[in-house]
Each structure stands twice: as C-alpha cells, then as structure tokens.
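Asker: Chains as they are written, first to last, in the numbering used here: chain A, 28 to 393; chain X, 28 to 393.
Structure in structure tokens, see below.
Protein chains: 2
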Amino acid sequence: MRIHIIGTGLLGASLGLALSAQKYQVSLEDTSPTAQQLAADLGAGTVASEAPDAEDPQIVVIATPPDVAAHTIATALATYPNATVTDVASVKTSLLESVRELVERSDLDRYIGCHPMAGREKSGAIAARSDLFTARPWVICSDEDTPQDRLGEIVAMAEATGSSVIHLDPRIHDAAVAKVSHVPQVIASLVASQLRHAPLEEVALAGQGLRDVTRIAASDPRLWTQILAGNSEEIRSVLLDLRTELDEVITALELGPGSTGALARAIALGNEGHERIPGKHGQAPTKYAVVTILVPDTPGTLATLFKDIGDLNINVEDFRMDHAPGQKLGIVDVSVVPATQQELEIGLLSKGWQIPESAIEKEGIA
Amino acid sequence: MRIHIIGTGLLGASLGLALSAQKYQVSLEDTSPTAQQLAADLGAGTVASEAPDAEDPQIVVIATPPDVAAHTIATALATYPNATVTDVASVKTSLLESVRELVERSDLDRYIGCHPMAGREKSGAIAARSDLFTARPWVICSDEDTPQDRLGEIVAMAEATGSSVIHLDPRIHDAAVAKVSHVPQVIASLVASQLRHAPLEEVALAGQGLRDVTRIAASDPRLWTQILAGNSEEIRSVLLDLRTELDEVITALELGPGSTGALARAIALGNEGHERIPGKHGQAPTKYAVVTILVPDTPGTLATLFKDIGDLNINVEDFRMDHAPGQKLGIVDVSVVPATQQELEIGLLSKGWQIPESAIEKEGIA
C-alpha cells in the first residue's frame, strides 16, 4: 500500500514512522525541505521527489497545520484523482464545511476526515515517535456516502499504527474534544499565566501537581489558536459552565466560614468527573519496570553508570535524570522490560549503586 | 534524637519512614489505632504507648488534618514542656493566628510552623513513601523570636528527609501556595467536573493532556475544603485574575474570526508562565541549553555516548531519552549550562554523532 503524507511535523512524521515499520511504502512532502529531509532521515519514509511510486498513492494523508488543511485536501483530491484523501486535524465540523465549499460533489466521496487523538507538547518531526498512536483513539468521521472500500483502507491504515478506531459524527467528535482536549488546554494556559509575575521564591515551591496541570501550557500558540477558533462554539459552551462553577467557588471564598459547603462540592464534583476518565490509553502496551538510582553529583558518574548498565547487557528502554543544584544526589529512573528488572538491580547494587526502593536487600547478594 | 509524630496519614507516616531510616527514634500517635498500627507496621516508627522514650521527645510533629492542627499544637506544647513543636499544614498565616490565641506567649517560642511541600493524590499511611520529601522544598516559617537551637533542630530534621529547606514569611508562603498549589487544585477540579455528564463515547477520547490536567482532581474533598477555607483571601485574589482572562477567551470565542488575537495571547501568556516553573526538584528556572542527539537503537550505544560526553569533561544537568520500539533511532536530549553547549556539539559532531538541530555545520568542524 502506497501512502503519501503531506506535512511532516509531529503527526505526519510519527505516522510515517509507524506505517514504514508496517511495510507501507511512505512518501513524504513538506513545504519545508529541511522538515521533509529530517522526517526521511528519522525513517518516516522517502522524500516524495525521490520516490518512484509517489505519483499514484492509494492514500494521501494531510498532516499540515489546520488553517491550510482544507485547501491542501482540495488540492490533493485534484492532484491524485484515484487516491483516498484523509487528514489528521483536531476539529472536524468546520473543516468539512470548508472542504465541501472547495471541491466537487463527486470528489467529496474520496475524502474521509480523521482525527488520531495523539500528540505531545513538543512539535516537529524531531519529536516524532513510531508509537505515538499506539493504543490511542483514531476517530474516523465518515458518512453514509463514503464508499466501503475506501473506508476499509483508512481503517486498515489507522489500525496498522496500533490505534483504536472509533467512528463518530463530526459534531459529536467536536463536542467531545472540546471537553477532553480544548477546554483543558485553555485552562492549563490560564493557570500557567498566573505565574508570569510570581517572584522566584514563590515559583520555587512548585510541585508535581502544578507541573501536571500546566504541562500542556507549553503548547504552540499558533496551532492552538487555529484549533480553538475552529471549535469555538463547543468550547465556549463548556467554558461558560465552568465559569459558573468558578463563580460559586469565588463567592464561597469571599463569604468565608459557613459557606465551605460550596468548596467541598467543587472538589467532590471534580472527583466525580475524574472517575469518568477511562484508564490510560496513551501508554505503550508493554509496561516497563522502573529502577530508581541515586547518583552522586560528580562529573563522569553517569558515564560509569551507563558503562555498568552496558556491561550487564540489559537494554534501556527509557532513561530520565533529575538533578537539583545544591543537592548531593541526582535521581535517575531507568526503564527496562520487567523480566530484566531484578538482574539490573542485583548488578547495580553489587557495583555499589544506591537503589533506595529495591526489593532486593543488599545483604542478600553478597 | 527522639521525634514524636501525631497523625499518621500520608505525611506523618512518610516522615516517620524517612526519619527512622536516618537513626531518629520515632514514636507514632493517631486518633485511629488502626492508622497508628499500620504506620508502625510499615516501618514509620514505634506506637507511642509502646515506646519507652516517647514521653520526652525533643521534637513533636503535628501531621493531623488542618482543621484540628491548631488545637493539637496547643495541646502538644502543654503536654511536652521541653519539646519543639512543629506541623506540616499547607496554610500558615491563619494557623499561626489560631495558635497565638490558644497558647501562652512563653510557649509560643517553642512552636515553629513548617510546610513540607510534598504530597500525593492518594492519602493515608498506605500511600506513604520514605522518599516523599526527597529533593522537595520544606518551608520553615520561623520569626526573630525563634530560639536558634530549636530552629537548628527543625532544619536538621527537615534535611534528614532529603528535602531542601526554605525560610519564608507565613504571608509570602500563603501567597505562593495559592498560585502553585491551591488554584491549580480548584481549577483541576472544575475541569474534571465538566466531564460528569459527558457520554462515554466522549470521555473515551480522553488523552494524556486531560489526565495530567485533572490528576489532582482525585484529591480528598475534606482535606481540600479545609485548605481552601484556610487560605481563602489569597486564592480568591488569584482566581479573580484568572476569571478576567477566562472572560477574554470566552468573548473572543463568541466574536469569532478577527478576535483570534485574544486566543493566541491566552496560550502565549500560558507559555510565559509555564517557563517560570522550575525543574522537577525545585531548581531555579535557569534555562539549560538542550542538545538533541539522534542515537542508533543498538545495545551499548548509550554507554559510548556517555563516555564521549564524559571525555569532553562537560557536566550533564539533565538527560532524557525517548526510545520507541520499532524506530530506527532514539532521541536523546542532553541539558547543559548554555556556556558549554557549543563545546558539547562540536565534540559530539566530531565523534560522528548526529545533532539535527545543531547551529554548527558539520562541514565547519572538519
């Protein structure tokens, strides 16, 4: 199956990586030659101008910024008269309306809007991952006019990335993403915004709660302005409900003792909503075991640690270090497949590394 | 050093675990015999009634729910006339006022308010961890009347848990936690609350962004009602600012095309605030330079990379690897102080490493 991807940012490049690994032939195109080449170097596919079969792809995926998606879809439908054209944009109703205005009725049947619900707060091909879509929902907004064979191709492509296909009406999709994605983005940005003028001694107290609430506040303003503008009605409706509840909290805080019931209610309603969020889809199906090592803050220590891990011949799946200045120790989290966890802990303990939460007693391995 | 901990929930039990590991003698007391025994069984200390020296502790730590903290502090000052009494409550100004009303001026010098800024969305001794305080800020609110020897005892105890001591005025502390902890809690609860009536097909689209924004919405309403009520003025002030910005977003969404500037501004201000949040373990928001290296996914490669960085004698401040199964290349982000970035890039490029976003052209260093 030949796939042509237009737009090699985070989503386009990640899709290329995922599909290339599944024996799809992927050709890549981007208005930026650098971005296009980077995606190809990462293994996401072949630059289109160098790919022999890129002229007649079965599927064209539009993974451009949302504000040019409609025009790029229309152009692709004209350029590739046999291809099924799809996209990955986060808002579906307004995009579909724009596409309907731009293309012939007969071509419209070859367009199937999609929204793979995957992303990161980082952007660009450099942030791409072949497992970005693994176990994530991939929404397909087809209708009764969509030819079944074309729909089948898109479903097969989505499933090849490891995602879970969900068929939704565009309007239901847009109402859903307003609640689960767009409003959380707006609110995370507003919470982070309150820190702009906070003195350093105040932000120094930041903990994991704040970091989690505001992680997505690092997102790209250009992209998000397009997304918010494209789904404005649905987002506004949720924000108005949220503001009503916010006003109740503000009033309760003003009234003081006697109105703590409203505060308790706000937190309890949050509990209730939180319980509705289904289990993690985002993580890779294999759970890695994490071994936490305390590392003295001296030059060369990490090199020694890696040499020691390398000598054990254990493959490291993920590695994170947090290092606080003034602190005598850094904290290193090494992720490995669970079957090798014990071996890693024994090996590192025997070489004198500190693993505070190891289940293996140091005495037991002498 | 003998420490008596009153209240063996998450914080009290974690403190007991951390101090017991440091050769402190810890005795435990809780109004719930079950909670008290559980903490002791986990290794947090000895149940007070069974501890020979529990009658004359040097330090008494009050780790009860905030609404009974003031009375418990007053009682402890009377019961243990030689001890320094401290607490772990999240709000300091209103607690100090209550304590002042309850105790004699002469006893007040033995009370030193603290706020170890550690926690989890889970509660109870069962969620306790000996490393809960590791590399976290531990705020001490002493004043000029505090005897230096008692202050020294509290600092030593805090440092024994691995935390970083910060001395703050109670009012500055309360303003800070309103921004970095209490407002994020309120807002996370309000975002989660909007999901209460969302159909299952909508919440099925939840991603990591929503999960992060709402993780702390699972927090205990009783505890949080007490915290919010105790710091109502500071929280209300921040929420009013946030509401003003929320109203600007709502208006921009209503006005539609032409007012997207306000949407872009909201996300950009969020970026700005987010950048002020210091690194995970409380480090100052010094921006490190990040060098991104493409690493072939073969065993031993990371060890070679670290050896090469080690040979350059450059200290690594932070290190992250993303390694996706099936991908031909891993992506490694190495953070260093900006002054050493160029040296690191030149050194690694000359050894054949791929640095796609390097400002230094590979040709230039041959």
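Quick reminder that beta carbons are idealized off the backbone N, C-alpha and C, glycines included.
What you are looking at is a predicted structure, and each value in this text was computed from that prediction instead of being measured.
List the endpoints of the continuous alpha helix (DSSP H) containing ARG316 (chain A).
Answerer: Here residue 316 (chain A) refers to the residue found at position 289 when the first sequence is read from its first residue. With the sequence shown as reference, residue 316 (chain A) is identified as Ala, and Arg is not the correct amino acid for it. Per DSSP, ALA316 (chain A) is not a residue of any alpha helix (DSSP H); the beta strand (DSSP E) it occupies stretches across 316 to 323.
Asker: Under the three-state reduction of DSSP, which class applies to GLU56 (chain X): helix, strand or coil?
Answerer: Numbered from 1 along the second sequence, position 29 holds the residue referred to as residue 56 (chain X). Three-state result, GLU56 (chain X): strand.
Asker: Let's test the definition: count the other Cβ atoms within 10 Å of the Cβ of GLN175 (chain X) and tell me whether it reaches 16, buried, or not, exposed.
Answerer: Along the second sequence, read from residue 1 onward, the residue named residue 175 (chain X) stands at position 148. The residue in question, GLN175 (chain X), is exposed, as its Cβ has fewer than 16 Cβ neighbours within 10 Å.
Asker: Is any beta-carbon of chain A found at less than 8 Å from that of VAL118 (chain X)?
Answerer: Indexing the second sequence from 1 puts residue 118 (chain X) at position 91. So, not an interface residue.
Asker: Does PHE333 (chain A) come within less than 8 Å of chain X when only Cβ atoms are used?
Answerer: Position 306 of the first sequence holds residue 333 (chain A). Yes, PHE333 (chain A) lies at the interface with chain X (some Cβ there is under 8 Å from its Cβ).
Asker: Just to confirm my understanding: we take LEU339 (chain A), look at its own chain, exclude 5 residues before and 5 after, and list those with CB closer than 7 Å. What are they?
Answerer: In the first sequence, residue 339 (chain A) corresponds to position 312, counting from 1. Taking C-beta separations shorter than 7 Å and ignoring five residues to either side along the sequence, the partners of LEU339 (chain A) in its chain run GLU370, LEU371, GLY374, following chain order.
Asker: Considering only C-alpha positions, which residue in the set X:THR102, X:LYS119, X:ILE358 is nearest to PRO93 (chain X)?
Answerer: As a first step, residue 93 (chain X) must be located in the second sequence, where it is residue number 66. Here the closest residue by C-alpha is X:LYS119.
Asker: Going by alpha carbons, who is nearest to GLU260 (chain A) out of X:ALA256, X:GLY146, X:PRO284, X:VAL130?
Answerer: Taking the first residue of the first sequence as position 1, residue 260 (chain A) is located at position 233. GLU260 (chain A) has its Cα closest to that of X:PRO284, out of X:ALA256, X:GLY146, X:PRO284, X:VAL130.
Asker: Once DSSP output is grouped into helix, strand and coil, what is the label at ARG238 (chain A)?
Answerer: As a position in the first sequence, residue 238 (chain A) is number 211, starting the count at 1. Helix at ARG238 (chain A).
Asker: In three-state DSSP terms, what is GLN394 (chain A)?
Answerer: The requested residue 394 (chain A) is not part of the displayed model; chain A covers only 28 to 393.
Asker: Answer yes or no: does any C-beta atom of chain X fall closer than 8 Å to that of HIS301 (chain A)?
Answerer: Locating residue 301 (chain A) in the first sequence gives position 274, where the first residue counts as 1. So yes, HIS301 (chain A) belongs to the interface.
Asker: Which same chain residues end up closer than 7 Å to LYS378 (chain X) when comparing Cβ atoms and leaving out the 5 residues on each side of it in sequence?
Answerer: The residue labelled residue 378 (chain X) in the question sits at position 351 within the second sequence. Hits under 7 Å: ASP335.
Asker: Who are THR113 (chain X)'s beta bridge partners in DSSP?
Answerer: Translated into positions along the second sequence, residue 113 (chain X) becomes position 86. Note: THR113 (chain X) sits in a beta bridge opposite X:VAL88, X:ILE139.
Asker: Can you find the residues in the same chain that come closer than 6 Å, C-beta to C-beta, to VAL317 (chain X), ignoring five residues on each side of it along the sequence?
Answerer: Numbered from 1 along the second sequence, position 290 holds the residue referred to as residue 317 (chain X). Within the same chain, VAL317 (chain X) has close Cβ partners ASP360, SER362.
Asker: Any chance the region 69 to 87 of chain A sits against the region 107 to 117 of chain A, with 3 or more Cβ pairs inside 8 Å?
Answerer: yes
Asker: Are ALA205 (chain X) and PRO248 (chain A) touching if we call contact CB-CB under 8 Å?
Answerer: Numbered from 1 along the second sequence, position 178 holds the residue referred to as residue 205 (chain X). Numbered from 1 along the first sequence, position 221 holds the residue referred to as residue 248 (chain A). Cβ distance not < 8 Å, so ALA205 (chain X) and PRO248 (chain A) don't count as in contact.
Asker: So within the region 180 to 241 of chain A, which uninterrupted beta strand (DSSP E) runs reach at least 3 residues, ignoring any that extend past its ends?
Answerer: Counting only runs of 3 or more, we get 191 to 194.
Asker: If the criterion is Cβ atoms closer than 8 Å, does the pair ALA291 (chain A) and VAL276 (chain A) meet it?
Answerer: Looking up residue 291 (chain A) in the first sequence gives position 264. Looking up residue 276 (chain A) in the first sequence gives position 249. No.
Asker: Spatial neighbours of VAL265 (chain A) within its chain, please: CB distance less than 6 Å, with the 5 preceding and 5 following residues excluded, ordered by chain position.
Answerer: What you label residue 265 (chain A) is simply residue 238 of the first sequence in a count that begins at 1. Taken in chain order, the residues that qualify are ALA205, LYS206, VAL210.
Asker: With a threshold of 6 Å on Cβ separation, who are the neighbours of ARG29 (chain A) within its own chain once the five nearest residues in sequence on each side are excluded?
Answerer: Against the first sequence, residue 29 (chain A) aligns to sequence position 2. So the qualifying residues of the chain are GLN52, ASP80, PRO84, GLN85.
Asker: Quick check on ILE153 (chain X): buried or exposed, where buried means 16 or more other Cβ atoms within 10 Å of its Cβ?
Answerer: Here the question's residue 153 (chain X) lines up with position 126 in the second sequence. It counts as exposed.
Asker: Spell out whether any CB of chain A is found under 8 Å from the CB atom of MET184 (chain X).
Answerer: Here residue 184 (chain X) refers to the residue found at position 157 when the second sequence is read from its first residue. Cβ-Cβ to chain A under 8 Å: no for MET184 (chain X).
Asker: If you follow the alpha helix (DSSP H) that VAL265 (chain A) is in, where does it begin and where does it stop?
Answerer: Counted from its first residue, the first sequence places residue 265 (chain A) at position 238. First-last of the alpha helix (DSSP H) with VAL265 (chain A): 259 to 282.
Asker: Roughly how many angstroms lie between the CA atoms of LEU123 (chain A) and LEU135 (chain A), to the nearest whole one?
Answerer: Within the first sequence, residue 123 (chain A) is the residue found at index 96, counting from 1. Within the first sequence, residue 135 (chain A) is the residue found at index 108, counting from 1. Rounded to the nearest angstrom, the two C-alpha atoms are 10 Å apart.
Asker: May I have the straight-line CA-CA distance separating ALA75 (chain A) from HIS31 (chain A), to the nearest angstrom?
Answerer: The count along the first sequence starts at 1 and reaches residue 75 (chain A) at position 48. The count along the first sequence starts at 1 and reaches residue 31 (chain A) at position 4. Cα to Cα, ALA75 (chain A) sits roughly 8 Å from HIS31 (chain A).
Asker: Tell me, please, whether the CB atom of ASP134 (chain X) is closer than 8 Å to any CB atom in chain A?
Answerer: Here residue 134 (chain X) is taken as the residue at index 107 of the second sequence, counted from 1. Not closer than 8 Å to any Cβ of chain A, the Cβ of ASP134 (chain X) fails to qualify, so no.
Asker: Is GLY327 (chain A) helix, strand or coil by DSSP?
Answerer: In the first sequence, counting from the first residue as 1, residue 327 (chain A) sits at position 300. It is coil, neither helix nor strand.
Asker: Residues of chain A with CB under 7 Å from TRP251 (chain X), in chain order?
Answerer: Residue numbering aside, residue 251 (chain X) sits at position 224 when the second sequence is read from its first letter. The answer, in chain order, is ILE294.
Asker: Could you name the residues of chain A that ASP268 (chain X) contacts, counting a contact when the two beta carbons are closer than 8 Å?
Answerer: Within the second sequence, numbered from 1, the residue matching residue 268 (chain X) stands at position 241. The contacting residues are GLN221.
Asker: Just curious, the beta strand (DSSP E) that ARG3 (chain X) is in, first and last residue?
Answerer: The question about residue 3 (chain X) has no answer here: the residues shown for chain X are numbered 28 through 393.
Asker: So VAL130 (chain X) is in the beta strand (DSSP E); what residue range does that whole segment cover?
Answerer: Residue numbering aside, residue 130 (chain X) sits at position 103 when the second sequence is read from its first letter. No beta strand (DSSP E) holds VAL130 (chain X); DSSP gives it neither H nor E.
Asker: Using 8 Å for Cβ pairs, my map puts LEU38 (chain A) next to PRO197 (chain A). What's the rounded Cβ distance?
Answerer: To locate residue 38 (chain A), count along the first sequence from 1; it is residue 11. To locate residue 197 (chain A), count along the first sequence from 1; it is residue 170. That belief does not hold up - the Cβ atoms of LEU38 (chain A) and PRO197 (chain A) are roughly 19 Å apart, past 8 Å.
Asker: Which bits of chain X does PRO284 (chain A) rub up against, with CB to CB less than 8 Å?
Answerer: Within the first sequence, the letter at position 257 stands for residue 284 (chain A). Those within 8 Å of PRO284 (chain A) in chain X are ALA256.
Asker: Using a Cβ cut-off of 8 Å (strictly closer), state whether SER377 (chain A) contacts chain X.
Answerer: Within the first sequence, residue 377 (chain A) is the residue found at index 350, counting from 1. It does not: the Cβ of SER377 (chain A) has no partner Cβ on chain X nearer than 8 Å.
Asker: According to DSSP, is HIS308 (chain A) part of a helix, a strand, or is it coil?
Answerer: For the purposes of this step, residue 308 (chain A) is identified with residue 281 of the first sequence, where counting begins at 1. Reliability of the predicted coordinates at HIS308 (chain A) is poor, the pLDDT of 35 falling under 50, and the value obtained from them is presented with this limitation in mind. Coil, per DSSP.
Asker: Note down, in chain order, every chain X residue with its Cβ under 9 Å from the Cβ of THR287 (chain A).
Answerer: Position 260 of the first sequence, counted from the start, is the residue given in the question as residue 287 (chain A). Correct list: THR252, GLN253, LEU255, ALA256.
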